[in-house]
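Quick note, the sequences are listed as chains P and B, same order.
Reminder that position 129 of the first sequence reads as 129 in this note's numbering, one-by-one numbering, no gaps.
Reminder that position 82 of the second sequence reads as 82 in this note's numbering, one-by-one numbering, no gaps.
Read through the structure below, which is laid out as structure tokens, and then see the notes.
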Amino acid sequence: MRQWRADSESRLARDSLNELFGRYHARVAAWCYRFTGDRSSAADLAQDVFLKAYRNLESFEGSARFSTWLYAIARNHCFNDMKSRGSRPETGLDVLVAEPADRSMEDVLSVLVARESRDRANGLMNKVLDETERKVVALHFQEGVPLDTITRLLRLSNTSGARAYVLSARRKLSAAVQRLRNAGQL
Amino acid sequence: MAEQGQDNMPAQGPDCLDYDQLAALLEEPAAETPARRHADQCARCQGELALMRSFLSSEVGAEEKPHVDAIVRHLRKQRFEAKSRWLDAFSKPWAWGPALAASAAALFLIVNTGQRPVGDVVLAPGSGVLRSQSIEVTQPDPGAFAWKAVAGAVRYHARISEVDRTVLWEGDAEGTRIRLPRLSITPGKPLLFEVTALDQSASVIARSASIRFQQEPAR
């Protein structure tokens, strides 16, 4: 009887664990696929995410949502994988449409950040960029997420995806920086 | 001086939100809280919110669906055995409630009993870890690459790129060998060779590591 109960408990615990993980299969699969754009590597990443979640179950304290905890594992694993593959922002001169009189986005941001406080740089971005431009710029220039990955993750449906937002952000920020310079505020 | 992140963009600031705070904002987007006020001003947190929203959303686009479904089928073959701490949770009478959701929720409300897991069983016997295959590549002569055949592959797609992943050339082969074209590049420039195996539906079933090489000087 004791052994029967132990076996039943074991099956229930196992089934509950796999049921819980199963509820997030599609979410993790979709996110990993959007991250890589490739089914095979996305499958590897997704499998790794659940393996990590299993191995670190003790770290889940129960006070936070399971979805948030699992997201943190997925996000960190995918980002680490991206960095280990040596992905770098495609931006700069090789991606941006050549406008000879214009500075690259990195120069614009360097001017902002090197000379201004982080708050002021954020303030300027909030003032001149729209919501999507801000997100794309932050993800690409801060986190190093490739533009095609951002396009998929943010479900951008416009032609050229995230690339178009980087270009428009650059134009707006360049103009704003120039205005500040002309006014002697930079 | 602003804290520098990658590419001279402001990195995470001291007020930037953690994952729990971001999740709370997604649940109650209209709440007027210090976290909301910070997120409204911080491009980094706005980007992180967008990423988390992408994960938590259950919507899958029509173009994504076949790939996501295939990955889910792959994941369903991965089965885990519960660790002993989790078994302890189910020794308590209230954990025998009828709803599976209640049982799963109970799992995560159990305070650490202090007992060590028995062993480190990861996968149920027989399930195995299914990973995409990697392709073993050799260079039989300076102008060609060869690789071991992959089960299920109907053709192979080869690519030469610069080290920053700029693609210089791509070509297909039905066999397990390909002769490289002569590229108009600076002598001695490091190049990367990669090959992927494709099945009948043109899905990638295996890929090689990036092989670093240089083009032989013209004779």
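Each residue gets a CB set at the ideal place from its N, CA and C atoms; glycine is no exception.
Here the structure is a predicted model, which is why all the values come from computation and not from measurement.
Residue i: first and last residue of the uninterrupted beta strand (DSSP E) it sits in
{"i": "B:Ile160", "result": "155-162"}
{"i": "B:Asp141", "result": "137-141"}
Local Cβ density within 10 Å of residue i, reported as buried at 16 or more and exposed below that
{"i": "P:Gln142", "result": "buried"}
{"i": "B:Lys189", "result": "exposed"}
{"i": "P:Asp130", "result": "exposed"}
{"i": "B:Leu26", "result": "exposed"}
{"i": "P:Arg134", "result": "buried"}
{"i": "B:Asp120", "result": "Bear in mind that the predicted position of B:Asp120 carries a pLDDT of just 29, short of 50, making it too unreliable to give a figure here."}
{"i": "B:Ala95", "result": "Interpretation of B:Ala95 is limited by its pLDDT of 44, a score under 50 that renders its predicted location unreliable; the figure taken from the coordinates is listed afterwards. Counting Cβ neighbours within 10 Å, B:Ala95 comes out buried, since at least 16 surround it."}
{"i": "P:Arg14", "result": "buried"}
{"i": "B:Gln214", "result": "exposed"}
{"i": "B:Ile160", "result": "buried"}
{"i": "P:Val28", "result": "buried"}
{"i": "P:Arg170", "result": "buried"}
{"i": "B:Leu183", "result": "exposed"}
{"i": "P:Thr132", "result": "buried"}
{"i": "P:Glu19", "result": "exposed"}
{"i": "P:Arg75", "result": "buried"}
{"i": "P:Ser174", "result": "buried"}
{"i": "P:Asn56", "result": "exposed"}
{"i": "B:Gln220", "result": "With chain B covering 1 to 219 only, the question about residue 220 of chain B has no answer from this structure."}
{"i": "P:Gly161", "result": "buried"}
{"i": "P:Asn182", "result": "exposed"}
{"i": "B:Val118", "result": "In this predicted model, B:Val118 has a pLDDT of only 28, less than 50, meaning its place in the structure is not dependable enough to derive any value."}
{"i": "B:Ile285", "result": "As shown, chain B starts at 1 and ends at 219. That puts residue 285 of chain B outside it, with no answer to give."}
{"i": "P:Gln47", "result": "buried"}
{"i": "P:Ala30", "result": "buried"}
7 Å Cβ shell around residue i - same chain, five flanking residues per side excluded
{"i": "P:Leu139", "result": "Val145, Ile150"}
{"i": "B:Ala23", "result": "Met52"}
{"i": "P:Lys172", "result": "Val128, Leu129"}
{"i": "P:Asp81", "result": "Leu45"}
{"i": "B:Arg36", "result": "Leu25"}
{"i": "B:Leu56", "result": "Leu26"}
{"i": "P:Asn158", "result": "Ala164"}
{"i": "B:Pro181", "result": "Trp169"}
{"i": "B:Ile135", "result": "Trp147, Lys148, Val150, Val195, Ala197, Ala206, Arg207, Ser208"}
Sequence-distant residues of its chain with Cβ nearer than 6 Å to residue i (five each side left out)
{"i": "B:Glu32", "result": "none"}
{"i": "P:Ile73", "result": "Val49, Lys52, Ala53"}
{"i": "P:Arg34", "result": "Arg152, Leu153"}
{"i": "B:Val60", "result": "Val68"}
{"i": "B:Thr196", "result": "His157, Val204, Arg207"}
{"i": "B:Glu174", "result": "Arg155"}
{"i": "B:Leu49", "result": "Leu22"}
{"i": "B:Leu191", "result": "Ile160, Phe213"}
{"i": "B:Ala104", "result": "Its pLDDT being 45, under 50, B:Ala104 is placed unreliably by the model, and nothing is read from it."}
{"i": "B:Thr138", "result": "Ala146"}
{"i": "B:Phe108", "result": "Note that B:Phe108 scores a pLDDT of 43, beneath 50, so its modelled location is shaky and nothing firm can be said."}
For residue i, the first and last residue of its enclosing alpha helix (DSSP H)
{"i": "B:Phe213", "result": "Careful: B:Phe213 lies outside any alpha helix (DSSP H), inside the beta strand (DSSP E) at 211-214."}
{"i": "P:Trp174", "result": "Per the sequence shown, residue 174 of chain P should be read as Ser rather than Trp. Per DSSP, P:Ser174 belongs to the alpha helix (DSSP H) from 162-182."}
{"i": "P:Ile73", "result": "66-84"}
{"i": "B:Glu170", "result": "Counting along the chain, B:Glu170 falls outside any alpha helix (DSSP H), though it belongs to the beta strand (DSSP E) covering 167-173."}
{"i": "P:Leu51", "result": "39-55"}
{"i": "P:Lys135", "result": "131-137"}
{"i": "P:Tyr24", "result": "Premise fails: P:Tyr24 is in no alpha helix (DSSP H) and is neither H nor E."}
{"i": "B:Cys45", "result": "43-56"}
{"i": "B:Gln21", "result": "19-27"}
{"i": "B:Leu183", "result": "Element bounds for B:Leu183: n/a, residue is neither H nor E."}
{"i": "P:Thr149", "result": "147-153"}
Beta-carbon proximity list for residue i, same chain, < 8 Å, skipping 5 on both sides
{"i": "P:Ala176", "result": "Leu124, Lys127, Val128"}
{"i": "B:Asp15", "result": "His38, Cys42"}
{"i": "B:Arg179", "result": "Gly143, Ala144"}
{"i": "P:Arg39", "result": "Tyr33"}
{"i": "B:Thr176", "result": "Ala146, Trp147, Lys148, Ala149, Tyr156"}
{"i": "B:Gln200", "result": "Val154"}
Counterpart residues of residue i in DSSP-defined beta bridges
{"i": "B:Leu192", "result": "B:Ser161, B:Arg212"}
{"i": "B:Trp147", "result": "B:Val137"}
{"i": "B:Ile178", "result": "B:Phe145"}
Closer than 7 Å: residue i CB and nearest the ligand ATP heavy atom
{"i": "P:Ile73", "result": "Looking at this structure, you won't find the ligand ATP or any other ligand, since it has none at all."}
*Scan the stretch 70-82 of chain B for residues whose Cβ lies nearer than 8 Å to a Cβ of chain D and list them as they occur along the chain.*
No chain D is present in this structure, whose protein chains are P and B.
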